[in-house]
Amino acid sequence: MFTYKMAGFSGALQLTDLNDFITPSQECIKPVKIDRTAGKVGKIRIEDDGSYLSVSATGTETKLQKAQITLNDCLACSGCITSAESVLITQQSQDELFRVLQENREVEDDTHRKVVVVSISPQARASLAAKYGLSMEEAAYKLTAFFKNLGVDYVFDTTFSRSFSLIESCREFVRRYQEAETNKMAFPMLASACPGWICYAEKTHGSYILPYISTVKSPQQIMGSLVKNYFAEKKGVSPDRIYHVTVMPCFDKKLEASRPDFYSDMYSTRDVDCVITSGEVELMLEKEKITLSDVEDAQLDPLFGGGALVNHIGGGSGGYLEHIARYAARELLGTEVAAFEYKTLRNQDFQEVTIEVEGKQPIKMALAYGFRNIQNIVQKIKRKKCPYHFVEIMACPSGCTNGGGQIKVVGETTPKDRLAQVTGLYNSVQTVNPWTQSDVTSLYEEWLGGFETEKSRTLLHTQYHEVEKMTNALAIKW
Ligand code: SF4
């Protein structure tokens, strides 16, 4: 969603002041709409209250309507990223990973060496597989070998942590459904896995919309808990001695990893220390003068579901709607649903599903991808006219397989063809039901002490914070 212009990022983010929002500085938006077809415009006058008047040649004054800037337009400016966040994301690049690996080679005392862990998301793996003409399995084996040859100690797959995220989301949905009589903010429950959406909700809609967002951490951040908590304990290593890198399809995951909520004061460490995108892995391969297809295969690390590559049903953004809908049908309506009928509404990125059982209140859910559709849902909620119990919200049109950090196409392939290729690869992996994954259910017992424990709430859930805008309007050149 966001683009950056620093430390190798692209786009328009610039450091100006260090304490607040980087104010929009582009001369790109007019505050009013001037209807030039209505007649010759004479002068524009700005009133004390900030409204604009059009004064015609004959002296007639017309108050001008404020222009409607779509969210697609305004989010392109990155003006809602704070300076502090921009500093933090500079700490997250492939150069930082190279630096840590180099330091590891130079230290003489092994106790000062970092244990380097890389967790790869399935969407990023699909992008790299498409780029290098590999199957998903081949890409998984070769990426494991590539990172290990560089000096990385362990390579994991965030599909494993997503199983926890899906289970927790299902349970939270049913709990909210049962509490709906007393908790007015229970519905709709809004998905929480997309940091682009969370960032937007916190900065634009503040306290009103936040209670609707599921408290479940994203797969990236649950992997952070698994690595810095369970894995650290298992290996007898202090969390701050682990350097945890994730490979993700978007830049927004860098902002997510930088959130204070995912920082341990006790160990002075983050759950995820560095996020690199699929495109940045391509740059790493180029720097090493390696083509991924030429790398020898290496076995997946067995901890965290590494036996065989698996996926979840429900599409390239993780399948939150599918999993919650199946679970809700079983737990709340007493029925099993084999397949759902998705009804396309305004566009392919806005679809709904209704689960109906005679004599019971139907449960309605929707997918809303891209900011046009998100805005639509938010407006419906504000007007108290949202008919859904759950909405799988994702910032990118077409979802995570189409994330802004995926490898860009060059040559004859069109972006549309590449997206179809990436989606096909992503869907080619056998699916698994998180509820019956024995390594997941056993970790619930061994690590978290079961469902709904204090430990599971601390390690698998998070909270959101209203961010006050401090935009300095004087800095905006209209
Ligand atoms: Fe990142 Fe997926 Fe959200 Fe896009 S939809 S910003 S890829 S998490």
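Residue 30 is where the sequence shown starts when you use this note's numbering, and the numbers rise one by one after that. Where a beta carbon is used, it is the ideal one built from N, C-alpha and C, also for glycine. Remember, predicted model here, so these are calculated numbers, not experimental data.
Measuring from the CB of residue i, is there a heavy atom of the ligand SF4 at a distance below 6 Å?
| i | result |
| --- | --- |
| residue 182 | no |
| residue 425 | yes |
| residue 429 | yes |
| residue 453 | no |
| residue 240 | no |
| residue 281 | yes |
| residue 278 | yes |
| residue 223 | yes |
| residue 343 | no |
| residue 432 | yes |
Does DSSP put residue i in a helix, in a strand, or in coil?
| i | result |
| --- | --- |
| residue 178 | helix |
| residue 276 | strand |
| residue 287 | coil |
| residue 303 | strand |
| residue 489 | helix |
| residue 11 | There is no way to answer for residue 11, as the model of the chain reaches only from 30 to 507. |
| residue 91 | strand |
| residue 281 | helix |
| residue 173 | helix |
| residue 218 | strand |
| residue 238 | helix |
| residue 231 | helix |
| residue 380 | strand |
| residue 496 | coil |
| residue 332 | coil |
| residue 356 | helix |
| residue 188 | helix |
| residue 437 | coil |
| residue 474 | helix |
| residue 467 | helix |
| residue 153 | helix |
| residue 70 | Unreliable placement is indicated for residue 70, whose pLDDT of 47 sits below 50; the coordinate value is still reported in the next sentence. It is coil, neither helix nor strand. |
| residue 206 | helix |
| residue 318 | coil |
| residue 129 | helix |
| residue 373 | strand |
| residue 397 | strand |
| residue 198 | helix |
| residue 297 | coil |
| residue 419 | strand |
| residue 267 | coil |
| residue 457 | coil |
| residue 250 | helix |
| residue 342 | coil |
| residue 366 | coil |
| residue 451 | helix |
| residue 144 | strand |
| residue 310 | helix |
Taking a contact to mean a Cβ-Cβ separation below 7 Å, would you say residue i touches residue j in this structure?
| i | j | result |
| --- | --- | --- |
| residue 451 | residue 430 | yes |
| residue 202 | residue 218 | yes |
| residue 225 | residue 269 | no |
| residue 184 | residue 272 | no |
| residue 454 | residue 209 | no |
| residue 252 | residue 187 | yes |
| residue 130 | residue 180 | yes |
| residue 392 | residue 220 | no |
| residue 418 | residue 216 | yes |
| residue 153 | residue 277 | yes |
| residue 255 | residue 190 | yes |
| residue 346 | residue 428 | yes |
| residue 403 | residue 397 | yes |
Examine chain D for any beta-carbon lying closer than 7 Å to the beta-carbon of residue i, and answer yes or no.
| i | result |
| --- | --- |
| residue 142 | In the structure shown, chain D cannot be found, because there is only a single protein chain. |
Q) Is there contact between the region 287 to 305 and the region 231 to 244, where contact requires at least three CB pairs shorter than 8 Å? A) In short, these stretches do not touch, since the Cβ pair count stays below three.
Q: Count the CB pairs spanning the region 434 to 445 and the region 300 to 318 that are closer than 8 Å, and state whether there are at least three.
A: Cβ pair count under 8 Å is three or more, so yes.
Q) Is the region 379 to 396 close to the region 350 to 357, with three or more CB pairs under 8 Å? A) Yes: the two stretches touch, three or more of their Cβ pairs being nearer than 8 Å.
Q | Sufficient close CB pairs (3 or more, under 8 Å) joining the region 463 to 480 to the region 311 to 329 | A | Contact between the region 463 to 480 and the region 311 to 329 is absent, because fewer than three Cβ pairs lie under 8 Å.
Q) Looking at C-beta atoms only, is the number of pairs between the region 243 to 257 and the region 484 to 499 that lie closer than 8 Å three or more? A) Yes, since at least three Cβ pairs between the region 243 to 257 and the region 484 to 499 fall closer than 8 Å, the two stretches touch.
Q | Stretch-stretch touch, CB-based, cutoff 8 Å, three pairs: the region 437 to 446 with the region 324 to 340 | A | Result no; under three Cβ-Cβ pairs closer than 8 Å.
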